[in-house]
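First residue of the sequence shown? That's 3 in the numbering used here, and the numbers climb one at a time after it.
A virtual CB, placed ideally from N, CA and C, is assigned to each residue, including glycine.
One structure below.
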Amino acid sequence: MGSLEEDFGATDKQFLAAPIKKAVDKFPLVPEFLKVRGLVKQHLDSYNYFVNIGIKKIVRANAVIQSDNDPEIGLRYTNVEIGEPCIDIDTARKSLVPQECRLWDMTYAAPITVNVEFTRRINGRIEPLKREKLVIGRMPIMLRSCRCVLNGKDEDELARLGECPLDPGGYFVVKGTEKVVLIQEQLSNNRIIIDTVKGNLVASVTSSTEKIKSKTVILMDKDKIYLLLNQFSKKMPIMIVMKAMGIESDQEVVQMVGRDPRYANMLLPSIQECATANVYSQKQALEYLDNNVKKYGFSNASQEGRGLSILRDVFIANVPVREMNFRPKCIYAAVMMRRMMDANLNKAAIDDKDYVGNKRLELSGQLISLLFEDLFKTMNDEAKKRMDVELKKGSYRSPDSYIMGNSITQGLERALSTGNWDLKRFRMHKTGMTQVLARLSFIAAVGQMTRVKPQFEKSRKVSGPRALQPSQWGMLCPCDTPEGEACGLVKNLALMTHVTTDEVEGPIISLCHSLGVESLEELSAEEIHSPNSFLVIFNGIILGKHRLPQRFATSMRNLRRAGKIGEFISVYVNEKQQCVYIASDGGRVCRPLVIADKGISRIKEHHMQELRDGVRTFSDFVRDGLIEYLDVNEQNNVLIGLYEGEPKEEITHLEIEPLTILGVCAGLIPYPHHNQSPRNTYQCAMGKQAMGNIAYNQLSRMDSLLYLLVYPQRPLLTTKTIELVGYDKLGAGQNATVAVMSYSGYDIEDAIVMNKSSLDRGFGRCIVLKKCAAIMQRYDNGTQDRILRPGFLPGISAEIRKKMRVLDMDGMALPGEIIRPGEMYVHKEVPNDTKGTNNPIKFGFKSAFQTHKGNRGETEVIDRVALFSDTNNNLCMKFQIRHTRRPELGDKFSSRHGQKGVCGTIVPQEDFPFSERGICPDLIMNPHGFPSRMTIGKMIELLGGKAGVSCGRFHYGSAFGEPSGTADTVEAISKTLVEKGFSYNGKDFLYSGITGSPLQAYIFMGPIYYQKLKHMVLDKMHARGSGPRVMLTRQPTEGRGRNGGLRVGEMERDCLIAYGASMLIYERLMISSDPFEVQVCRTCGLLGYYNRKLKTGVCSSCKNSENMSKMKLPYACKLLFQELQSMNIVPRLKLTEAT
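Following this line, the structure appears as structure tokens:
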């Protein structure tokens, strides 16, 4: 003990206990958080929950299969497990690695094994049979999840497995392609939502339980209140429904809603309607409901008792009915009515559907859980059918034959590869749930992991869901959303957002009751809405009421901070609705905040010292009550301070770091808070199109298309997010010295003037890698494709022999050879007869060689050739073709501030302006790009980059970072520039490269990080003289890929008409397109044909050739006439002599 005191005495006790002076000292919490949560971790947590707990629950719920013919015979699942990823090859089991699956076009999956107890009848006796480790299917494994081989590996081990340590994981490899299951946004289940539909107030609850999903709607129409349920043929008066549930007294219903006379007056029309329908007792009400239940199919079965069962099982299904006690349901319905009446009295009480607290995010684990449940139940149904068929025959098989099959494997693979979730059992038909992982740049892949897919389709012209909600602060990135029709609907998670998973409900309910929540059973209708007490609602279920709501909420929060209950449970006191909401369900977005006592942070210097020493982790901060997770609702009960500054008494929490309100893509922008906001949004879209390094293993991948920058750099002016995400290790751009001045006239409209010597040195140089594939198919009749050696084969023309130039002696292209368009990369032949069984080889082979389709005049190189076998044991070949490109006129570049432009001209360095120090810029940018765009962040980046180069230190420009020290101030940067001999404002004295005389003005010059985007003129440039035509219309084909023509559309035609260029229109729309000569009958006006024997035109209708005329017509026009005739519409041509 003494030694400890001596050590402690040596340090300054007052310093350690003092509050942190600068917020910069809190920053180490952010990387610690990202080790355990955030970015991709929610996908992994969700998937791990499914693999470890969810799948066991599903199998336990559907464990028993019994035969209908003999109930004693059946099977029972006792355990389920997901093994290690592996594949069976020729009876041997081989473990799988993700990189192999990518290269071999396989699915990275692991076997799902079950233990089965099977009962069968042998000679009249029941005999049990146990089987262990039966494989029922293969589960695709998410990379970096607990079942993945990469889990917990360090950098060296990952390198041995061919993986990049910076790769985020969180995706699947299905048939060789990387697939991401997008986060799905949807309205919260089991919550009352007040809304207006066609001017009528509506209270709706979407109930979701393990057994049933239903939607209950109570609406107010012409002052009367009705219940809408799909099972009833019309809307049911609410008072009749209440009577049917056992509350026959109108007074009790009024008491349940509230004793305020205004509520009673609103209920009066409904009470009168109930009396008009002559319903006074529960029996009469149930008869009324039974008579209005929808009849399903042609069944004439009695409807008696159906009304009650619908009220029990479907109406507000999330509120359970125990021993036919409908009272909790009545109270819930009364609360819905009261909320609706409040909204009628005060429009502010209407809920906002776009409020983030009313939304839930569905992660990949939940979605795959639904999919597996559907497939598992389908497999069990089929097993039961097979069992019944076998029993009728009197034969018995082993359980393997009943539950074996590929239905689960194929179902999971199909859903992940197509993105279609077709689950009839859950009435779920969603498309586009998965996307191919964008490997254009590293940041595009990370950004895709945090993308949130909207609930609505993009075509809806609504502004509400698109607007930036104040509740998105800190949860969803305000900048990162696409332009165009999906604007504002597709969102991205912020840097420190966590999405919760489900927690066990039972202990929390009992805890609430022990903290003074009075149960509903003990309360009379009168007491439910007594003015001095609040209702306590837990996950949408009313637990009871509490007379001291603030004290109750504080107790719950203290328990959470002490670690006695889950860290993600939220407690929210809603004063307006007089409710305390407690939530522990999955899919809520929450984020960590520092707890402050009267404005002073609980985190002291010694805590941060322990963190830096590695003694303390982020979880310890949460466990010790220094940091807590708040969801959107609970944020309404607190006051959050942005920076550690003047302590205000009311502040309850502090932001860990203000830059975390932005997402990954917006975090790359330096000084985003100095830019006009749309520019940041443009950069978020363009940052994903920038070329750079995509992963450490990029050269061992064989993707269908890869763009790589030859000399990528890390930005001179960086941000904290860049370091957190790893963008500094896998950059996508280069630091270019930019002079802001007008030069040559080729820089108008954002065009960039480039320095030829910079391009020679490798600025903007990139590699494009494309994949071509071929397969040696085996056919049912025993034949298979073959590859021929390119030797002197008989009967081959010199032209085809020339195309074989790059082939090696095995008939495949040789790596390292330059390949030109039209040249073969594999000389393959296909059998003429692939179906016949009678000696098919005698029919011989036909040539089916595959040629390279590329740009003319470009030197592309065969980079690599890979051979492997597919699942059907066919030989597959992959050829990677490499093309190195240097920037040319028309290539697109962009800075990190949404300032995009194409290369306007390339000028030799000797004509470029230069500074006194002999520095020559790489790019010249037109100054007109600044005034209207207001991208001040770009100017500060130039200053910071210049200071960084001159003093040898990376400068920071994190969002909102100047007060907290994560961004350098302009004053500090200017001071550095002056110390190093530059002007404080970043301007330099330049000389003209053409005349050699000084320029008339000082030029703003310094380094800016520029990105080369994937849009290159070589991939877009297209023109044609003559070429292929469409068979049907005989018009030129469309599109660059098909060597199509350039369309003169309606607007172009209008311009030509306005100019009076009639012969040009005639030439474009007819002569160059689809001219056709037709025979027209002058008598009937119909089209005839040309008889070659008689050498004259003949009319098919008049049956003669006297009054025939020749005329030119577009072939599409002739086709239209014939199609109209086929529909019994007869167009006739009236001809007059040309004058």
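Extent of the continuous alpha helix (DSSP H) to which residue 978 belongs: Along the sequence shown, read from residue 1 onward, the residue named residue 978 stands at position 976. For residue 978, the enclosing alpha helix (DSSP H) has its first and last residue at 972-981.
Inter-residue Cα distance where the pair is residue 296 and residue 249: Taking the sequence shown and counting its residues from 1, one reaches residue 296 at position 294. Taking the sequence shown and counting its residues from 1, one reaches residue 249 at position 247. Approximately 24 Å between the Cα atoms of the pair.
Selected residue, minimal CA-CA separation from residue 321, among 211, 387 and 379: What you label residue 321 is simply residue 319 of the sequence shown in a count that begins at 1. Taking only the C-alpha atoms, the option nearest residue 321 is 211.
Endpoints, the alpha helix (DSSP H) within which residue 276 is located: For the purposes of this step, residue 276 is taken as the residue at position 274 of the sequence shown. Segment 263-278, the alpha helix (DSSP H) holding residue 276.
Cβ shell of residue 752 (< 8 Å), same chain only, five flanking positions each side left out: What you label residue 752 is simply residue 750 of the sequence shown in a count that begins at 1. Contacts found: 901, 902, 903, 904, 928 and 931.
Enclosing alpha helix (DSSP H) for residue 1099 [first to last residue]: Locating residue 1099 in the sequence shown gives position 1097, counting from the first residue. Unbroken run through residue 1099 is the beta strand (DSSP E), 1098-1100; no alpha helix (DSSP H).
DSSP state of residue 225 mapped onto helix, strand, coil: Residue mapping note: residue 225 aligns to position 223 of the sequence shown, counting from 1. Here residue 225 sits in coil by DSSP.
Selection from 113, 1023 and 334 that minimises the alpha carbon distance to residue 243: As a position in the sequence shown, residue 243 is number 241, starting the count at 1. The option with the nearest alpha carbon to residue 243 is 334.
Of the listed residues 1028, 1035, 1059 and 1055, nearest to residue 1046 (C-alpha basis): Indexing the sequence shown from 1 puts residue 1046 at position 1044. Here the closest residue by C-alpha is 1028.
Every unbroken beta strand (DSSP E) within the region 705-789, with a cutoff of 3 residues, ordered by chain: Counting only runs of 3 or more, we get 707-711, 736-742, 754-757 and 768-778.
Burial state of residue 690, where buried means 16 or more other Cβ atoms lie within 10 Å: By 1-based counting over the sequence shown, the position of residue 690 is 688. Label assigned to residue 690: buried.
Cβ-based burial, residue 562 [other Cβ within 10 Å; buried from 16]: Against the sequence shown, residue 562 aligns to sequence position 560. Around the beta carbon of residue 562, 16 or more other beta carbons lie within 10 angstroms, which makes this residue buried.
C-beta contact flag for residue 234 and residue 293 at 8 Å: To locate residue 234, count along the sequence shown from 1; it is residue 232. To locate residue 293, count along the sequence shown from 1; it is residue 291. Between residue 234 and residue 293, the CB-CB gap reaches or exceeds 8 Å.
Helix, strand or coil at residue 655 [DSSP, three-state]: Position 653 of the sequence shown, counted from the start, is the residue given in the question as residue 655. In the three-state reduction of the DSSP assignment, residue 655 falls in the strand class.
Beta bridge counterpart(s) of residue 581 as assigned by DSSP: Stepping through the sequence shown from its first residue, residue 581 is reached at position 579. Under DSSP, residue 581 shares a beta bridge with 537 and 576.
Sequence ranges, alpha helix (DSSP H) only - wholly within the region 26-104, length at least 4: Fully enclosed alpha helix (DSSP H) runs of 4 or longer: 31-38, 43-51 and 57-63.
Opposing strand residues paired with residue 131 [DSSP bridges]: Within the sequence shown, the letter at position 129 stands for residue 131. Beta-bridge pairing links residue 131 to 120.
Simplified DSSP assignment, three categories, for residue 878: Within the sequence shown, the letter at position 876 stands for residue 878. In the structure shown, residue 878 sits in a strand (DSSP, three-state: E or B).
Coarse secondary structure for residue 471, derived from DSSP in three states: By one-based count along the sequence shown, residue 471 stands at place 469. If DSSP states are grouped into helix, strand and coil, residue 471 belongs with coil.
Neighbourhood of residue 341 by C-beta distance below 8 Å, restricted to the same chain and skipping five residues each side: What you label residue 341 is simply residue 339 of the sequence shown in a count that begins at 1. Around residue 341: 194, 196, 205, 351 and 579.
Residues sharing a beta bridge with residue 114, DSSP: The count along the sequence shown starts at 1 and reaches residue 114 at position 112. 84 and 139.
Sufficient close CB pairs (3 or more, under 8 Å) joining the region 377-390 to the region 69-82: Yes: the two stretches touch, three or more of their Cβ pairs being nearer than 8 Å.
Close-in-space but distant-in-sequence residues of the same chain around residue 567 (CB under 6 Å, 5 per side omitted): In the sequence shown, counting from the first residue as 1, residue 567 sits at position 565. For residue 567, where only same-chain residues beyond five positions count, the Cβ hits under 6 Å are 561.
Rounded separation between residue 593 and residue 1018 - CA only: One-based indexing of the sequence shown puts residue 593 at position 591. One-based indexing of the sequence shown puts residue 1018 at position 1016. One C-alpha to the other measures close to 41 Å.
Beta-carbon proximity of residue 948 to residue 984, cut-off 8 Å: The residue given as residue 948 occupies position 946 in the sequence shown. The residue given as residue 984 occupies position 982 in the sequence shown. In terms of Cβ geometry, residue 948 and residue 984 form a close pair [threshold 8 Å].
Separation of residue 539 from residue 559, as counted between CA atoms: Translated into the one-based positions of the sequence shown, residue 559 becomes position 557. Translated into the one-based positions of the sequence shown, residue 539 becomes position 537. Taking the straight line from one Cα to the other gives about 16 Å.
Same chain, Cβ closer than 8 Å to residue 647, five either side skipped, listed in chain order: On the sequence shown, position 645 is the one that residue 647 refers to. Within the same chain, Cβ atoms closer than 8 Å to the Cβ of residue 647 are found at 965, the five residues on either side in sequence being excluded.
Proximity of residue 2 and residue 806 at Cβ, strictly below 8 Å: Shown here, the chain extends from 3 to 1141; a query on residue 2 therefore has no answer.
Check whether residue 967 and residue 889 have beta carbons under 8 Å apart: As a working note, residue 967 is residue 965 in the sequence shown. As a working note, residue 889 is residue 887 in the sequence shown. It is not a contact, given that the beta carbons lie outside the stated cut-off.
Anticipated Cβ contact below 8 Å, residue 719 with residue 959, distance rounded: Working through the sequence shown from its first residue, we reach residue 719 at position 717. Working through the sequence shown from its first residue, we reach residue 959 at position 957. Indeed, because the Cβ distance is near 5 Å, the residues count as touching under 8 Å.
Three or more C-beta pairs below 8 Å linking the region 1067-1082 and the region 1046-1057: When C-beta atoms of the region 1067-1082 are compared with those of the region 1046-1057, three or more pairs fall below 8 Å, so the two segments count as touching.
CB of residue 87 within 8 Å of CB of residue 152, strictly: In the sequence shown, the residue the question calls residue 87 occupies position 85. In the sequence shown, the residue the question calls residue 152 occupies position 150. In terms of Cβ geometry, residue 87 and residue 152 do not form a close pair [threshold 8 Å].
Distance, residue 886 Cα to residue 449 Cα: Mapped onto the sequence shown, residue 449 falls at position 447. Mapped onto the sequence shown, residue 886 falls at position 884. It is roughly 27 Å from the alpha-carbon of residue 449 to the alpha-carbon of residue 886.
C-alpha gap between residue 316 and residue 203, whole angstroms: Within the sequence shown, the letter at position 314 stands for residue 316. Within the sequence shown, the letter at position 201 stands for residue 203. Whole-angstrom Cα-Cα distance: 22 Å.
Local Cβ density within 10 Å of residue 531, reported as buried at 16 or more and exposed below that: Sequence index remark: in the sequence shown, residue 531 carries index 529 (1-based). So residue 531 ends up on the buried side.
Supposed contact pair residue 48 and residue 366 - C-beta distance, whole angstroms, cut 8 Å: On the sequence shown, position 364 is the one that residue 366 refers to. On the sequence shown, position 46 is the one that residue 48 refers to. Between the beta-carbon of residue 366 and that of residue 48 there is about 6 Å, and that keeps the pair under the 8 Å contact cut.
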